[in-house]
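Data block below; observations after.
Chains as they are written, first to last, in my numbering: chain A, 1 to 284; chain B, 1001 to 1284.
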């Protein structure tokens, strides 16, 4: 859980975070977990609005907030959550769903809403790298389609739990190895399934450096995603949400493939999106 | 560890197995672990030959048996292992390596040797499905090239440890879903990275049956392997080693792609290969 105290105008006054979340809380424990972290921000006699997004609205979260079907605006009507403490009024941002091909998102829609709030009239393609990377098309204020890739999770499983864990470093980098891996994945996506074990074999036979193996594995899985997402990025600029090392790797790979991108700070857009949701449906 | 008591002629008299192996034994513990299981097969005053293959010869095994470089016969000179008990004389079958593209195998070479012993003059392509599936070309009694795919490990990680674990069943099957997934993977290998998360989304949005998700995930990862291994199986029959459910899935997929295959029992070929190694280098 991450929380920010904000003014009506969207200025951040304070922030806090804990390791509490959907994975460790039963539904009836969410309110106490929230109050434990933000209670000192609250005033008696006034219900401070709390706007929440992400897995808090999942089936295993505080209360399930039903997905909204695309095409639709990234931010929709908030869902009110019953609470016992009179100092808070809690609202959830619903996630988005797409029926065919089947897909879902929770949390990213609020960042896309933040992008639209920060850049009114934005149209184009948004890429949100992460555990489950998302690509979304935005047109006329609406998310018209999106697609999820398990790239980050695949990387973590391969690097941390497969036989490759002996060969792939947890730090260091190799720009050339990453670039070559991106090229290879785009030229022959199927070939990547043949390249994975080579990282282990090269470590055994040719002392492949752990940081080179790391950059190459990263390039393989990101390259597979970019090969499948070509219809999203080809011939149009991409807004990458995530001013992180990972976001920069995506920007580097896209540039190598001849696509333009601009990186936006993910946390700033989450706050913009939460604030826009507050303004549109509560603060009016 | 699995062990078989065999006559000089290769007739199996008894077998045993335990969960002891490279993962749980330090090098100096292998001899005691072996004797604990097979001691009652031995006679004082006679050194019974023990021929071993697989990870027992890895760097983390009993003694490291150096890889032999292809092209070479699948069975080579055995490596003698020093022991303290006079009732056994232990020999290791070395694994194979390929320098470019880098690749290694330990254990499968003995099954290929068994295939050659059972079918003298065999030439063609061998497929050994498993955690790390191998494809090998055999010509003129030699393995000329091979390629490893992490298909089984990838499936286990995705089905058991990723977000897909909520949606993919551990039993049941769906022939049509498997066939469709194979077709999709061959037609658009990159697209598979976009299809994985759909298994989760379809379970959330459309109540995808766990056994259908299981067959589809299996078809995706096997299909990716077959797409990358096309040069091996296209236009020539394939000897599949593994008379298992997995081996039959490979045969079904290959048939769907217009390729012929024949399934051979893996354990029987391991025994044939170990016995051939014994005959060629010890029993003469």
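We treat Cβ as the ideally placed atom computed from N, Cα and C, and that holds for glycine.
- Counting C-beta atoms within 10 angstroms of its own C-beta, residue 1165(B) has fewer than 16 neighbours from the protein chains shown and is therefore classed as exposed.
- Taking the CA atoms as reference points, residue 214(A) sits about 12 Å from residue 176(A).
- Just measuring C-alpha positions, the residue of 1157(B), 1012(B), 1108(B), 1183(B) sitting nearest residue 1146(B) is 1108(B).
- The bridge partners DSSP lists for residue 1127(B) are 1135(B), 1240(B).
- Considered as a whole, the stretch 1194–1243 of chain B harbours 1210–1228, 1230–1233 as its complete alpha helix (DSSP H) runs of no fewer than 4 residues, in chain order.
- Taking each of 8(A), 232(A), 73(A) in turn and checking the Cα distance to residue 128(A), the smallest one comes out for 232(A).
- Secondary-structure assignment with DSSP links residue 50(A) through a beta bridge to 90(A).
- The criterion of a C-beta distance shorter than 7 Å is not satisfied by residue 259(A) and residue 1202(B).
- Between residue 147(A) and chain B, the shortest Cβ-Cβ separation is below 7 Å.
- Within a 10 Å sphere around the beta-carbon of residue 1137(B) sit 16 or more other beta-carbons, which makes this residue buried.
- In the DSSP assignment, residue 1270(B) falls within the unbroken alpha helix (DSSP H) covering 1266–1281.
- With respect to chain B, the C-beta atom of residue 197(A) has a partner C-beta closer than 7 Å.
- Here the alpha carbons of residue 1199(B) and residue 1026(B) stand approximately 41 Å from one another.
- Closest by C-alpha distance to residue 1092(B), out of 1115(B), 1134(B), 1019(B), 1065(B), is 1065(B).
- Chain-ordered, the chain A residues with CB closer than 7 Å to the CB of residue 1189(B) read 189, 190.
- Residues 91, 274, 277, 278 of the same chain have their beta carbon placed closer than 6 Å to that of residue 51(A), with the five preceding and five following residues left out of the count.
- Residue 1129(B) has a beta carbon lying at 7 Å or more from every beta carbon in chain A.
- Here residue 70(A) is not near residue 62(A), since their CB atoms are 7 Å or more apart.
- By DSSP's assignment, residue 96(A) forms a beta bridge with 68(A), 105(A).
- In this model, residue 1016(B) and residue 1067(B) are separated by some 27 Å (Cα to Cα).
- Interface annotation for the stretch 1259–1270 of chain B against chain A: empty, criterion Cβ-Cβ distance under 7 Å.
- In summary, residue 44(A) is exposed, with fewer than 16 beta-carbon neighbours lying within 10 Å of its beta-carbon over all protein chains present.
- Contact of residue 112(A) with chain B is not assigned, every C-beta pair being separated by 7 Å or more.
- Taking 7 Å as the CB threshold, residue 1202(B) lines the interface with chain A.
- Per DSSP, the continuous alpha helix (DSSP H) segment holding residue 248(A) begins and ends at 245–256.
- Nearest to residue 1228(B) by C-alpha distance, out of 1143(B), 1106(B), 1148(B), is 1148(B).
- The three-state secondary structure of residue 1117(B), taken from DSSP, is helix.
- For residue 1077(B), same chain residues with a beta-carbon under 8 Å away, outside a window of 5 residues either side, are 1094, 1281 in chain order.
- Note on geometry: alpha-carbon atoms of residue 72(A) and residue 1171(B) lie some 38 Å from one another.
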